[in-house]
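Note sheet for the following structure.
In my numbering, the protein residues as written are 4 to 168.
See below:
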């Protein structure tokens, strides 16, 4: 399926600043300047924040998370979950993250938070998802689903910048 950006509208500065400050606060990542022109759009049922041609964040309910491309260019310090190398192929293909594959998680994560998943060896982002349990529980639990994957490397959102004219 090819994602198409629809209903792209420019956000008011105050609304854009609210989303960007939440992104910076929750994930500890650099936010674009306050005077940057931020657009909101829809693509395949997802609400997106765009800075020029680049998709920088996904809005899920009342929460916001950086896209994987944004995480690669502007690393985040918070809400990370580290998986062992055995889980990487499954996460890479879009599977939900199971608790036994998690080796470390930010202790500040609460159930329902948006989080990003990274591999143990390279510490590179693999996916963005919604936590189904809190951080300390993820690290010690030996069974069950811990993260519902919303966006992963190689999905339609990942390929979106290549397809956008």
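C-beta: ideal position from N, C-alpha, C; glycine also.
Proximal residues to residue i (C-beta, below 7 Å), its chain only, five neighbours per side dropped
i           : result
residue 110 : 138, 139
residue 29  : 81, 82
residue 79  : 30, 31, 32, 69, 119
residue 88  : 122, 123, 124
residue 13  : 40, 42
residue 107 : 85, 142
residue 9   : 44, 45, 46
Opening and closing residue of the alpha helix (DSSP H) in which residue i lies
i           : result
residue 15  : From DSSP, residue 15 is part of no alpha helix (DSSP H); its letter is neither H nor E.
residue 140 : 138 to 143
Residue j beta carbon less than 8 Å from that of residue i
i           : j           : result
residue 83  : residue 121 : yes
residue 85  : residue 123 : yes
residue 129 : residue 149 : no
residue 73  : residue 62  : no
residue 42  : residue 53  : yes
residue 133 : residue 115 : yes
residue 94  : residue 154 : no
residue 58  : residue 160 : yes
residue 11  : residue 44  : yes
residue 46  : residue 163 : yes
residue 64  : residue 158 : no
Nonlocal neighbours in the same chain, by C-beta distance under 8 Å from residue i, ignoring five residues either side
i           : result
residue 166 : Here the model assigns residue 166 a pLDDT of 44, short of 50, so the residue's position is not dependable and the matter cannot be decided.
residue 16  : 37, 38
residue 75  : 127, 128
residue 168 : Confidence in residue 168 is poor, its pLDDT being 41 and thus under 50, which makes the residue's placement unreliable; the coordinate value appears in the next sentence. Cβ neighbours of residue 168 beyond the five flanking positions: none.
Residues near residue i by beta carbon distance below 6 Å, same chain, minus five either side
i           : result
residue 77  : 32, 33
residue 37  : 20
residue 67  : 22, 25, 26, 60
residue 103 : 145
Run of the beta strand (DSSP E) containing residue i, from where it starts to where it stops
i           : result
residue 50  : 49 to 54
residue 150 : 148 to 155
residue 41  : 41 to 46
Whole-Å CB distance - residue i paired with residue j, under 8 Å assumed
i           : j           : result
residue 147 : residue 101 : 7 Å
*Mind listing, in chain order, the continuous alpha helix (DSSP H) runs of no fewer than 4 residues lying wholly within the stretch 60 to 129?*
71 to 76, 91 to 95
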